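One structure below.
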Amino acid sequence: MQLLILALALCLFAHDQFPGLVLADRSWPVLLAIVLAPKLVLTGAYALACVVTRRRLTSGDASRRLRRINWMGGGFRLIGIILYATDLHVGLLVAVRGALETRTGLSHTILLDELLVILPTLVYWGLGWWFYYPIERRLREAGLIRLLDQGLPAYPIWTRWQYVGSQFRHQVALILVPLLAILAWAELIQLGGPAGRQWFSPGAEPWLLVGGCFVIFLFAPLMIRLIWDTAPLPDGEIRRHLLVMCKDHRVGVRDLLLWRTHGGMINAAVIGLIAPLRFILITDALLGQMPKPHVEAVMAHELAHVRKRHMLWLLVWAVALMGLVETAGLFALSANGVRLEQTAQALKLTTVGGDPIAVGLSFESLDSPQALVLAVSSAAMAVWVTGFGWVSRRVERQADSFAAAHLARQRGGETIESQDAQTMIDALQHVADLNHIAVAKHSWRHGSIAWRQDYLRSLVGKPMLGLPIDRQMRYINALAVLMVVAVVAMQAYLG
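For the sequence shown, position 72 (counting from the first letter as 1) is numbered 71 according to numbering that gives the first Met the number 0, and the numbering increases by one without interruption.
Put into structure tokens, the structure is as follows:
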């Protein structure tokens, strides 16, 4: 889902940078028919599939039917992005901006036009979750009986509105809210820049953009804490034990938070780059339904993200890959007859402290066809998605290894034994089972549960210090630094 949210912002970016791809001047009735009709038809088909699946859960191969409807749900949400791109292509954003200008008399409205264009896609996704809810409720009812039989805490089954709201908070708002904040800040800079009201000089524009993005990223944990339903983890044995783990691993946190999901999610997360703004979140269902050793293993996994500075290195990798693909695009364009001076002008390269910084894109000055620019941009994004996903999955593998090593250290061992790896393997299995996730299901950033479990089995008998993944991550991080240096050097050359 994270990739789909990123795609929302990327489509907006492409819309403004490739105006030749937009088909405008359509009447509102025609435009609304193009925007709404496909979404309504697909929503109806998906709703029917959900009804059929729910009725057949009690007969035959229920797991196969669940896998099929979950696959259909993923396709349903992916098609939403394709329809959203189509909305932009047929001129929805142009029409909305024109209508707002007519109504308000303002030539530019901060974020309102983008929100109105994104809204149909968000409603489309919300309807998908709305019609899936009866299946979710049936699964929760079956799980409730199991919990009562095992004497574990049971939670009231959430209502349909609570379920849909939870999906938006946890799957959409987590990425969309910071992205919209960055977009609003960029629009404010554009409005107040030399091309707007001239509140500041051209040289200040890149610094304001980068500085604002950094502040948003830094304070994103506070936004996430408000978006998600969280509260301080109550005092007790679990809280005290987890705080001892933080102290043992020298991890500073502002607080441990209980992530309230009505028992609907088994998960944990660490958010925040610095200790005063860092929180560790653990869901109510994880604390209530998983044995203490498994809770400890999950906590150790989250602490690994801090101890190994994963958030910082992922940020470095994101910047390095972005800079690499942008620079490669410059070379590709220049190799196809576009002069470097034109390319630099088109990318609005501004020299700050001797280093060129790209602060925006405007391809109107290029002599090359827009198709070439679009192809280069698409290839660059594919490289970024592939590279960042590969690094993220190694980050998860290192965190799993750290958790197994922590368990070995707790029993006084020097090597990871089968019981250490098995505890983490069982914790992952619990997460998959209680969240109704197929262990073979691939995740862009985390990999599949089965892939992670297989790697944990390979650690049995290895010393806690100097694990293979630790060595691999050192190479990966060194490569990220070299990539940043290379990008700066190539940008300086192009400048």
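Yeah, the Cβ is synthetic: ideal placement off N, Cα and C, and Gly gets one too. This structure is a prediction, so every number in the text was calculated from the model and none was measured.
Residue Leu255 holds the alpha-carbon nearest to the alpha-carbon of leucine 276 among Leu255, Gly262 and Arg259. DSSP lists Thr414 as the beta-bridge partner residues of proline 462. Residue environment: serine 26 is assigned as exposed (fewer than 16 neighbouring CB atoms within 10 Å of its CB, all protein chains considered). Here the region 120 to 137 does not lie against the region 228 to 243, with fewer than 3 beta-carbon pairs under 8 Å apart. Classified as exposed, lysine 246 has fewer than 16 neighbouring CB atoms from the shown chains inside 10 Å of its CB. Here the region 441 to 450 does not lie against the region 280 to 288, with fewer than 3 beta-carbon pairs under 8 Å apart. Residue burial is scored here from C-beta neighbours: leucine 455 has at least 16 other C-beta atoms within 10 angstroms and is therefore classed as buried.
Taking 7 Å as the cut-off, the beta carbon of valine 116 is found closer than this to the beta carbon of leucine 92.
In the DSSP assignment, valine 269 is bridged to Ile279.
Its chain contains Met264, Ile265 and Asn266 as the residues whose beta carbon lies nearer than 8 Å to that of asparagine 434, once the 5 sequence neighbours on both sides are disregarded; these appear in chain order. The three-state reading of DSSP puts aspartate 254 in strand, counting E and B together. Per DSSP, the unbroken alpha helix (DSSP H) holding proline 37 starts and ends at 27 to 54.
Partner residues in the beta bridge of alanine 230, as assigned by DSSP, are Leu257. Taking C-alpha positions only, aspartate 86 is separated from arginine 55 by approximately 36 Å. A straight-line Cα-Cα distance of about 17 Å links glutamate 395 and glycine 465. Under the 8 Å Cβ criterion, the region 38 to 49 does not count as touching the region 102 to 113, having fewer than three qualifying pairs.
A Cβ-Cβ separation of about 4 Å places serine 391 in contact with arginine 444 under the 8 Å criterion. In the structure shown, asparagine 434 falls within a coil segment according to DSSP collapsed to helix, strand and coil. Separation of histidine 441 and arginine 473 (C-alpha to C-alpha, rounded to the nearest whole angstrom) is 25 Å. In the displayed model, aspartate 24 falls within coil according to three-state DSSP, outside both helix and strand.
Scanning its chain for C-beta atoms nearer than 6 Å, with the 5 sequence neighbours on each side dropped, one finds around leucine 178 the residues Ala8, in chain order. Residue range 61 to 88 is occupied by the alpha helix (DSSP H) that includes phenylalanine 75. When secondary structure is reduced to three states using DSSP, lysine 291 falls in the helix class.
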